[in-house]
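Participant:
Numbering (the numbering used here), first residue to last: 16 to 266.
#1: In terms of residue numbering, what span does the beta strand (DSSP E) encompassing residue 85 cover?
#2: To the nearest angstrom, how far is it from the Cα of residue 10 to the Cα of residue 113?
#3: Where does residue 39 fall in DSSP's three states?
#4: Which parts of the segment 82-150 are runs of the beta strand (DSSP E), unbroken and 3 residues or longer, counting only runs that do not cross its ends?
#5: Closer than 7 Å by C-beta to residue 136: which residues in its own chain qualify, once you throw out the five before and the five after it? Chain order, please.
#6: How big is the Cα-Cα spacing for residue 161 and residue 121?
#7: Can you tell me whether DSSP reads residue 166 as helix, strand or coil?
#8: Sort out for me which residues DSSP pairs residue 48 with in a bridge.
#9: Please work out which residues of its chain come closer than 8 Å, Cβ to Cβ, to residue 80, disregarding the five sequence neighbours upstream and downstream, and give them in chain order.
#10: Relative to the alpha-carbon of residue 139, which residue among 32, 57, 48, 33 has its alpha-carbon at the smallest distance?
#11: Consult DSSP for residue 178 and reduce its assignment to one of helix, strand or coil.
#12: What separation, rounded to the nearest whole angstrom, lies between the Cα atoms of residue 152 and residue 158?
#13: Taking the alpha carbon of residue 40 as the point to measure from, which residue in 92, 67, 51, 30 has its own alpha carbon closest?
#14: With burial defined as no fewer than 16 other Cβ atoms inside 10 Å of the residue's Cβ, what is the status of residue 110: buried or exposed?
#15: Thinking C-alpha only, which one of 115, 133, 134 is nearest residue 141?
#16: Leaving out five residues on either side along the sequence, give the residues of the same chain with a beta carbon under 8 Å from the beta carbon of residue 101.
#17: Using 10 angstroms around the beta-carbon of residue 107, count the other beta-carbons present and answer buried if the total reaches 16, otherwise exposed.
#18: Specify the secondary structure class of residue 6 as computed by DSSP and reduced to three states.
#19: Look at residue 156 and residue 130 and say whether their C-beta atoms are less than 8 Å apart.
#20: Does the beta-carbon of residue 74 have 16 or more other beta-carbons within 10 angstroms, so that it is buried, or is it exposed?
#21: Bridge partners of residue 53, per DSSP?
#22: Starting from residue 173, follow its DSSP beta bridges and name the residues at the other end.
#23: Name, in chain order, the residues that DSSP records as bridge partners for residue 33.
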């Protein structure tokens with residue numbers, strides 16, 4: 016309804032969108048589990064989740080209860096760790112199980128995956144299992160860590176929470192008054208409306224020649240113009256596509 020004198024872009028070639036889609040896919044896949052290493056005796060003493068970006072979360076304990084380095088594959092194997100591969104596109108949607116009365120991580124833990132599969136890690140002595148626990152991962156978020164303490168699963172960390180903490184840490188490291196990174200050149204932020212595929216390619220090419228700039232940890236202080244606006248992401252395939260319709264907008 017606004018800016019009626021500006022023609023709208025009705026189509027963008029698949030070639031123009033391909034780099035955007037590829038970058039989004041890498042970001043989403045990097046936050047999802049690629050494989051899981053588990054170890055148990057009477058109770059569960061090891062759970063290591065390797066994400067698509069190579070980072071690892073969870074906890075592995077020595078027999079004396081001390082925490083191990085999750086990047087030490089030889090150490091995980093020494094403690095009886097066994098790897099299980101995740102299927103392409105799977106995400107963790109819930110963590111449930113029972114605590115342990117004899118310490119370590121927990122008595123049993125079940126990782127519920129979006130495909131409908133469940134990876135069970137169950138200790139061998141149910142007589143020392145304690146209270147039940149269950150934590151769900153919201154549909155538009157990802158699991159960043161599972162937290163254990165004194166034989167209990169005490170919660171999970173979501174990726175959105177981890178990113179917020181990272182942004183807060185960045186902001187505290189650059190307090191008010193410190194020199195901020197320069198704003199992007201105005202010419203690279205225009206036009207706000209693209210009239211053709213050629214303009215899109217030209218804008219993308221100009222951005223590609225610029226050195227990477229860190230993301231701002233906070234929202235812009237300058238208010239946006241008070242006029243109607245629309246944000247749209249088209250997957251060029253039609254039908255419902257959660258990657259484009261939900262996760263892209265969430266990211």
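Heads up, the beta-carbon is just placed ideally off N, CA and C, and yes, glycines get one too.
Facilitator: Looking at the coordinates:
#1: Looking at the DSSP string, residue 85 is not in any beta strand (DSSP E), and its letter there is neither H nor E.
#2: Coverage of the chain is limited to positions 16 through 266, which leaves residue 10 absent and any answer about it impossible.
#3: Note: residue 39 maps to helix in three-state DSSP.
#4: Runs found: 97-100, 107-115, 123-128, 133-137.
#5: Closer than 7 Å at Cβ, skipping near neighbours: 53, 55, 59, 62, 123, 124.
#6: A straight-line Cα-Cα distance of about 12 Å links residue 161 and residue 121.
#7: If DSSP states are grouped into helix, strand and coil, residue 166 belongs with coil.
#8: Note: residue 48 is bridge-paired with 66 in the DSSP secondary-structure output.
#9: Counting only Cβ-Cβ distances below 8 Å, and skipping sequence neighbours, we find 118, 119.
#10: Looking at the Cα atoms, 57 is the closest of the given residues.
#11: It is helical.
#12: Each residue's Cα considered, the two are about 6 Å apart.
#13: With distances taken between Cα atoms, residue 40 lies closest to 67.
#14: Burial state of residue 110 is buried, judged by a 10 Å Cβ sphere holding 16 or more other Cβ atoms.
#15: Answer by Cα proximity: 115.
#16: Same-chain partners within the cutoff: 47, 48, 49, 50, 51, 128.
#17: Flag for residue 107 reads buried.
#18: The question about residue 6 has no answer, for the chain in this structure spans 16 to 266.
#19: The criterion of a C-beta distance shorter than 8 Å is not satisfied by residue 156 and residue 130.
#20: Classification for residue 74: buried.
#21: Looking at the DSSP assignment, residue 53 forms a beta bridge with 62, 97.
#22: Residue 173 pairs with 158.
#23: Under the DSSP definition of a beta bridge, residue 33 lacks any partner.
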